[in-house]
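The opening position of the sequence shown corresponds to residue 71 in the working numbering, with each subsequent residue numbered one higher. Worksheet: one structure, shown below.
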Amino acid sequence: MRIFYQFDYDALPRNVKKHLARSVRSPDYLVHGQVMSNLRWYALHTAIFLACIFFIYLSAEADFGDPVKDTSWADTGMIVWYAILFFGVVYAGHAMWQRMQLSAKFHFLPGRYLFPLALVDIRSSKIAVHDLAQLRKLEATHHESNGRYNKTVFSFNFNDGTSKSLVINNLNQAEIALEKFNSYQSKARAAFHNRDIASLYGFDPFLDVRKNKWKEALDTSGVAKKVISLFQYLKTPLLILAVVIASLFWYGRNAASDKKMYLNAKQQKTESAYLGYIANGKFRVAEMQAELPRVVFNETLKKNSVTLLRNLKTRFPQSDILPEVAEEIHLLYDRSLQKFKAQAVNSDTGLIKSMEQLLKFAEEHDNPSVAISFARPTVSDLSQLDAFLKLKENKVRGMKIIPAAKYFADDSAAARETRITTGIRSAFSTIFPNDVLAFNANAAAKDNVPKLLIAYQIEPSGKVYTSEKQDDAFVGLVMRFKAAIMVPNARDRWKFDLEVEPPDSFNVEYKTSSRDKVQHAPEGQVYAVMAERAFDKLANKINAAFFSPDSAVFMRQAKNSR
């Protein structure tokens, strides 16, 4: 005989339903009932329902309408998340609706009920019954964890070798249930032998069904209906419904956000907003791409940057904004020129013209670089200088003239030239932004780039300098500078010359040790003083050649050179 039976509640005879309701309510027949009160049931499922709605709102609201951050169109994985949440919504809603239907139909709380002759699961319209008349053995096992009671498991072992378990989480209830089960089974057997039909109906509410060998109430449907029942048991229809709702919600939410993103981008009129919509939007991408150059151009105008304007030419080579970009670049160059004229030596028309040519070249070639190149004396020139000094020794009463060439070689000259370069860059950077004109040292600059060329030569002046404390002699040196602004393809060049004579006498500060036998100035330091003096005059000359004495740039440079 079968141990397990499953049938529809609606298929039960009316008198069986009455016996079942009476047995569930009567403590004289019911061994144990696992039920949840309607209040707790509705509270739990309402909490699930509201929690899922809340998380749906949070997920949908996150970055909603933000053209930069909202990437929901690309994030199809959100459909899965929405499906999980909507499954919680439809599951909780369906469970509460089903609870109301079952409560009205049963007139008792749905749950699992243990009778002396049947273990009944009636949590839905599909009733599951295990026939305890075929019970071989009942085992009740108490479980503990770390010495604390955890649960009691009732294992019902049947004659066909199958088993079914019932878990009770309260020790007192478990002991009462075990005692009542053994007692009620004895009473049920006694009622059967005594033919006490009224008691038997209490102990076994399915007695009438049992008499008919369960046939009328059994679910004898075909395979197709059983498959459908399995799907219903697994909540498959609810899952499918949740997936459909989630997909529609995902699309609807993204469509609404797309419109909001579009409106926000149009309102903000920023490059980041437009690029955000182009990357993350869907319906108006072509329109935003067409408007992007104009938006970026308008935003760039506020920054007064030639570099950013130049970038627009390469970034949007086919856009209709290019003429306006060129015009704005020209305005920035003209503004810088006017600023220079306000502080320059206005009487020097050659200087103004050369600066105009320099700015024009930089504007036309989109390159602000101006090389500062120094043309130093060659090794041959310096060798000839030392040879000349050697010839002078016989005219200075046998004193040794110290050679000068090595103190004007590349290593020593570089530091002095760097100081001049730094001064020029400092002066011009207060007038010209680096993306308009940028002066930088470049000794290897080619002829096709603009440059400020400073050439200098060193020659003996004829003066001889000696010290009271040493027998060495030093020849005075004249430094001749020639500076010019050289713009490719420009006929006229602005230039100036400067000649710096050595002084009649000068002091050299130096430190010595008491352990030195002869105390005198280091050889290189004497010539270094001459060179430093010449380059200081060059710095002052450059400042005076470019800028008016009453200009802010001139006064600042003069103050820094002190």
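Positions of the beta carbon are idealized from the N, C-alpha and C atoms, including for glycine. As the structure is a prediction and not an experimental result, all values here were calculated from the model.
For Lys87 and Ser194, the gap between their C-alpha atoms comes out near 14 Å. Note on geometry: alpha-carbon atoms of Leu428 and Trp320 lie some 60 Å from one another. With contacts defined as CB atoms closer than 8 Å, Arg486 and Ala628 fail to qualify as a contacting pair.
Check the Cα spacing between Asp136 and each of Met331, Ser235 and His263: the tightest is with Met331. Around the CB of Thr500, fewer than 16 other CB atoms lie within 10 Å, so the residue is classed as exposed. Taken atom to atom, the span from the alpha-carbon of Ala260 to that of Leu114 is near 43 Å.
Contact check for Ile246 against Lys221 fails: the beta carbons are separated by 8 Å or more. If you check the CB distance, Ala445 and Pro438 do not come in under 8 Å. Rounded to the nearest whole angstrom, the CA to CA distance from Ala412 to Ala144 is 56 Å. Under the DSSP definition of a beta bridge, Met549 partners with Ile528 and Val570. Residue nearest to Asp230 within the set Lys521, His212 and Leu205 is Leu205 (criterion: CA-CA distance). By the neighbour-count criterion, in which 16 or more other beta carbons inside 10 Å mark a residue as buried, Gln388 falls on the exposed side. Per the Cβ contact rule, the region 521–532 is not in contact with the region 393–407 (fewer than 3 Cβ pairs under 8 Å). In the DSSP assignment, Arg323 falls within the unbroken alpha helix (DSSP H) covering Thr306 to Gln338. In the structure shown, Val101 adopts coil according to DSSP, grouped into three states. DSSP lists Lys207 and Ser233 as the beta-bridge partner residues of Asn227.
In the structure shown, Leu345 falls within a helical segment according to DSSP collapsed to helix, strand and coil.
From the listed residues Thr377, Trp167, Arg380 and Leu345, the smallest Cα separation to Val365 is found for Leu345. By the neighbour-count criterion, in which 16 or more other beta carbons inside 10 Å mark a residue as buried, Ser253 falls on the exposed side. With a 10 Å radius around the Cβ and a threshold of 16 neighbouring Cβ atoms, Asn350 comes out buried. Exclusion of the five residues before and after Ala165 leaves His115 as the residues of its chain whose Cβ lies within less than 7 Å of its Cβ. Here the region 552–563 lies against the region 521–528, with 3 or more beta-carbon pairs under 8 Å apart.
For Trp564, same chain residues with a beta-carbon under 6 Å away, outside a window of 5 residues either side, are Gly420, Leu421, Ser424 and Ile555 in chain order. Residue burial is scored here from C-beta neighbours: Pro572 has at least 16 other C-beta atoms within 10 angstroms and is therefore classed as buried.
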